[in-house]
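So the sequence lines, in the order shown, correspond to chains D and B.
Read in my numbering, the first sequence has 169 at position 169, and its numbers run on one by one without any break.
Read in my numbering, the second sequence has 79 at position 79, and its numbers run on one by one without any break.
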Amino acid sequence: MSELTLLILRLVFLAVLWAFVFAVVYALRSDLFGQRVRRQPEVAASPFPSAPVAPVASAAPVAAEAPETELIQAPKAPVRAQPPPADGPARRLVITSGPKQGLEIDLPTEQLTIGRSSESGLVIRDDYTSTHHARLMLWNDGWMLQDLDSTNGTYLAGQRVTVPTLIPLNTPIKIGTTSFELRR
Amino acid sequence: MPQNSSALTAGAPIEAGPRPTFTTSIRIRLRVPARLRNVEFGLLLIACIIATGSIALVQLGATGTIDPSVLTYSAVLDLLVLVMHFTLRVVAAQADPLILPIITVLNGLGIAEICRIDLAKHVSGWDSAGVRQIVWTGMAIIIAIATIIWIRNHRVLQRYSYISMFVGIVLLLLPMLPLIGRTINGARLWVGIGSFTFQPGELGKIALAVFFAGYLVSARDSLSMVGRRVLGMTFPRARDLGPILVVFAASMIVLIFQRDLGTSLLYFGLFLVMLYVATGRASWIILGVTMFIGGALVANQLLTYVHGRVESWLDAFNPKIYDTSGGSYQLVQGLFGLAHGGLIGTGLGLGRPDLVPLAESDYIIPSLGEELGLVGIFAILALYLLFISRGFRIGFAGQDDFGRLLGVGLSFVIALQVFIVIGGVTRVIPLTGLTTPFLAAGGSSLVANWIIAALLLRLSDTVRNQPRAVIEG
């Protein structure tokens with residue numbers, strides 16, 4: 001084995017090692033540098049049916065990017081990447097009373113389930129909540145509240161909800177001992 | 001999330017049939033493509049090429065030929081990580097895709113360098129550290145796979161937080177028992193039956209991380225809310241100081257009776273950081289660092305071995321210290337090795353890393369540094385950085401407080417260990433005996449670190465399937 005071959009092999013090995021490091025960094029680049037912003041206006045402007053589809057389609061060519069953004073806070077990233085618009089659907093859910101008063105969560109892109117089961121998007125474990133209690137859905141730029149036949153009911157501004165109802169902004173919704181509002 | 005969107009977009013059966021009422025639940029189970037796992041598979045292939053390539057290059061450099069029997073070493077590693085990958089596809093499909101490839105590369109580089117030192121020392125069979133390392137690697141990966149299959153939800157661990165405190169302390173003190181405790185190179189950290197030795201403290205760090213996380217979740221309020229303000233910082237009440245004193249005492253016991261600076265620093269540092277993360281109070285850090293510096297200064301005065309370490313750190317190139325037994329000979333040889341390596345190294349199998357005592361365990365970094373050079377060392381450090389940042393990210397994205405603290409604690413323990421070891425051999429801090437995670441020869445450390453990786457993978461899987469918030473009534 002000649003000196004030259006060994007030298008070349010040594011350099012190739014170091015190059016492959018660094019290539020691996022950069023491959024890892026490439027796989028998590030959206031995590032490090034944030035999601036690309038230029039697609040955001042599309043997402044915000046388009047009505048509901050295309051909203052969840054657009055990010056998926058754009059992320060498809062780069063397989064590595066999509067899982068990473070999903071992994072951490074996919075729904076949060078596009079929301080934070082732009083200033084809150086003057087109108088449009090609510091983006092935050094704020095707990096106004098109950099054990100976790102003051103907690104604020106970002107609403108997902110299409111729906112949020114509420115209930116006692118740990119599969120729910122918002123888990124509320126108290127004596128008054130049913131396993132699958134209620135659900136918030138984004139319909140044509142408005143959040144709808146649907147009661148899922150809960151035992152103790154869901155109250156929107158003091159009225160028990162029986163059919164899917166549009167939620168106005170800053171209106172209290174009461175489930176068990178917890179109340180929350182949707183804010184922009 | 002993907003299930004919901006698929007239920008809405010793949011709506012053919014909904015439109016075709018009669019329109020269901022809102023309360024009927026529509027469940028369409030679609031096979032979600034395992035994109036994360038595919039990323040992992042791709043990276044894993046590169047990782048296996050690097051691991052196999054490094055072992056082949058070591059052979060080529062040191063002997064001029066490639067011994068096919070040695071390549072079976074890397075085949076064991078490659079095969080088992082692929083088994084782990086396919087296990088993850090089934091039991092933790094949403095787990096982080098980067099952790100497994102990163103630790104495969106680190107483990108493979110470690111095996112290659114240990115085999116290289118075996119070649120220089122002309123040992124083979126069970127005497128060689130390389131063969132033992134590959135057997136331990138196999139066991140560690142199998143245990144990691146078992147961990148990830150067995151623990152389906154990290155919150156189970158929260159129930160056992162006090163049991164794990166007990167287990168952690170027992171593991172920590174086990175080497176001090178008469179019959180089974182072993183003293184190797186002055187430190188009493190091993191238990192041994194026959195020729196089989198194990199370092200239980202390595203597993204103890206996992207148990208203690210679980211305990212700290214469970215304890216701090218329940219005690220956080222009293223530790224973070226009340227206190228007295230002094231000089232613009234809120235200091236805790238005297239009665240809340242109990243736990244920090246207990247952990248401080250335990251780490252001092254390790255320092256004095258087991259004569260191991262590194263482990264003591266590791267445990268105390270772990271507790272301090274988890275306390276800080278849980279309470280967000282800088283005063284804990286100030287208190288803890290003051291206590292540790294105080295303890296270390298006293299130890300420096302009273303314990304000769306600590307004093308020797310500090311002296312050979314500050315004045316390594318003094319011929320008197322260089323020549324004394326237990327002096328700075330090893331440290332300086334390691335530095336010479338790194339200097340010999342230069343920017344791109346001497347090449348795998350072409351340096352003289354065997355000149356340094358313990359080149360395959362404590363001094364694996366100078367050995368690799370000599371043969372891969374500064375470029376290679378930086379690649380290794382970058383891999384550690386990526387691994388640890390993934391761990392912190394998993395902790396950060398966690399929804400329940402226990403999971404967050406556990407994720408941060410487990411990755412910080414790796415970070416601190418890397419800092420203590422590499423800082424020690426490069427003369428940034430006094431040298432302490434700890435193993436470099438995933439790289440150094442040592443079965444207990446491999447097993448412990450692979451379990452940590454398995455727990456982080458499990459945590460990252462549950463994080464993705466987690467609700468956004470949990471309100472306990």
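Ideal Cβ positions, reconstructed from N, Cα and C, are used throughout, including at glycine.
This one's a predicted model, so the numbers in the text were calculated from it and none came from an experiment.
Simplified DSSP assignment, three categories, for residue i
i: B/Ser69; result: helix
i: D/Lys100; result: coil
i: D/Tyr128; result: coil
i: D/Gln159; result: strand
i: D/Pro47; result: Its pLDDT being 41, under 50, D/Pro47 is placed unreliably by the model, and the measurement read from it follows with that caveat. Reduced to three states, the DSSP call for D/Pro47 is coil.
i: D/Val12; result: helix
i: B/Gly53; result: helix
i: B/Val428; result: coil
i: B/Phe387; result: helix
i: B/Ile403; result: The sequence given here places Gly at residue 403 of chain B; Ile does not occur at that position. Of the three classes helix, strand and coil, the one that applies to B/Gly403 here is helix, per DSSP.
i: D/Asp106; result: strand
i: B/Val447; result: helix
i: B/Gly326; result: coil
i: D/Ala57; result: Note that D/Ala57 scores 39 on pLDDT, short of 50, meaning its location in the model is unreliable; the coordinates nonetheless yield the value given after this. D/Ala57: helix per DSSP, three-state reduction.
i: B/Thr183; result: strand
i: B/Leu157; result: helix
i: B/Arg220; result: helix
i: D/Thr151; result: coil
i: B/Arg393; result: helix
i: B/Arg35; result: helix
i: B/Asn107; result: helix
i: B/Asp315; result: coil
i: B/Arg152; result: coil
Bridge-paired residues (DSSP) for residue i
i: D/Met144; result: D/Met137, D/Leu166
i: B/Phe198; result: B/Val191
i: B/Leu364; result: Reading the sequence as shown, one finds Ile at residue 364 of chain B and not Leu. DSSP lists no partner for B/Ile364.
i: D/Ser179; result: D/Ser97, D/Lys174
i: B/Ile256; result: Looking at the DSSP assignment, B/Ile256 forms no beta bridge with any residue, so it has no partner.
i: D/Thr113; result: D/Arg135
i: B/Ala120; result: None, per the DSSP bridge assignment.
i: B/Ala469; result: D/Leu122
i: D/Arg92; result: D/Asp106, D/Arg183
Other residues of its chain near residue i: CB distance less than 8 Å, five sequence neighbours each side excluded
i: B/Thr197; result: Arg182, Ile184, Trp190, Val191
i: D/Asn170; result: Glu181, Leu182, Arg183
i: B/Met274; result: Ala209, Phe212, Ala213, Leu216, Leu405, Val408, Gly409, Phe412
i: D/Pro47; result: Per-residue confidence for D/Pro47 stands at a pLDDT of 41, beneath the threshold of 50, marking its modelled position as unreliable; no derived number is given.
i: B/Leu265; result: Ser251, Phe292, Leu416, Ile420, Thr432
Proximal residues to residue i (C-beta, below 6 Å), its chain only, five neighbours per side dropped
i: D/Ile173; result: Leu156, Phe180
i: B/Leu203; result: Leu171, Ala448
i: B/Ala440; result: Ser361, Ile364
i: B/Leu372; result: Gly345
Contacting residues, own chain, Cβ-Cβ under 7 Å from residue i (five flanking each side not counted)
i: D/Val94; result: Glu104, Phe180, Glu181, Arg183
i: B/Ile285; result: Leu272, Tyr276
i: B/Tyr329; result: Tyr322
i: D/Thr129; result: Gly115, Arg116, Ile175, Gly176
i: B/Asn4; result: Because B/Asn4 carries a pLDDT of 45, less than 50, the predicted location of this residue cannot be relied on, and no value is offered for it.
Exposure of residue i, with buried meaning 16 or more beta-carbon neighbours within 10 Å
i: D/Glu3; result: exposed
i: B/Trp150; result: exposed
i: D/Leu14; result: buried
i: B/Lys320; result: exposed
i: B/Gln158; result: buried
i: B/Val474; result: Nothing in the structure corresponds to residue 474 of chain B, since chain B is present only between 1 and 473.
i: B/Thr432; result: buried
i: B/Ala118; result: According to the sequence shown, residue 118 of chain B is Asp rather than Ala. With 16 or more Cβ atoms within 10 Å of its Cβ, B/Asp118 is classed as buried.
i: B/Gln301; result: exposed
i: B/His307; result: exposed
i: D/Arg135; result: buried
i: B/Thr492; result: Since the first residue shown for chain B is 1 and the last is 473, residue 492 of chain B is missing from the structure and cannot be characterised.
i: B/His154; result: buried
i: B/Glu472; result: exposed
Heavy atom of the ligand FAD within 7 Å of residue i beta-carbon
i: B/Gln94; result: In terms of ligand content, the structure shown is empty, and the ligand FAD therefore cannot be addressed.
* Can you give me, in chain order, the residues of the segment 55-69 of chain B that have a beta carbon less than 7 Å from any beta carbon in chain D? => Leu57, Leu60, Gly61, Gly64
* **Near-chain B residues of the segment 114-134 of chain D - C-beta to any C-beta below 7 Å** => Ser118, Ser120, Gly121, Leu122, Val123, Ile124, Arg125, Asp126, Asp127
* Which residues, taken in chain order from the segment 7-26 of chain D, show a beta carbon closer than 8 Å to some beta carbon of chain B? -> Leu7, Leu9, Arg10, Leu11, Phe13, Leu14, Val16, Leu17, Trp18, Ala19, Phe20, Val21, Ala23, Val24, Val25
* Asked: What are the residues of the segment 88-102 of chain D that lie near chain B, defined by any Cβ-Cβ distance shorter than 9 Å?
  -> Leu93, Ile95, Gly98, Pro99, Lys100
* Within 7 Å of chain D by C-beta, residues of the segment 368-383 of chain B in sequence order -> Leu372, Val375, Gly376, Ala379, Ala382, Leu383
* Can you give me, in chain order, the residues of the segment 408-424 of chain B that have a beta carbon less than 8 Å from any beta carbon in chain D? => none
* For the segment 155-183 of chain D, enumerate the residues whose C-beta is nearer than 9 Å to any C-beta of chain B, in chain order. => Val163, Pro164, Gly176, Thr177, Thr178
* Any residues in the segment 335-365 of chain B with a beta carbon nearer than 8 Å to a beta carbon of chain D? Which ones, in chain order? -> Ile344, Gly345, Gly347, Leu348, Leu350
* Asked: Any residues in the segment 86-97 of chain B with a beta carbon nearer than 8 Å to a beta carbon of chain D? Which ones, in chain order?
  -> Gln94, Asp96, Pro97
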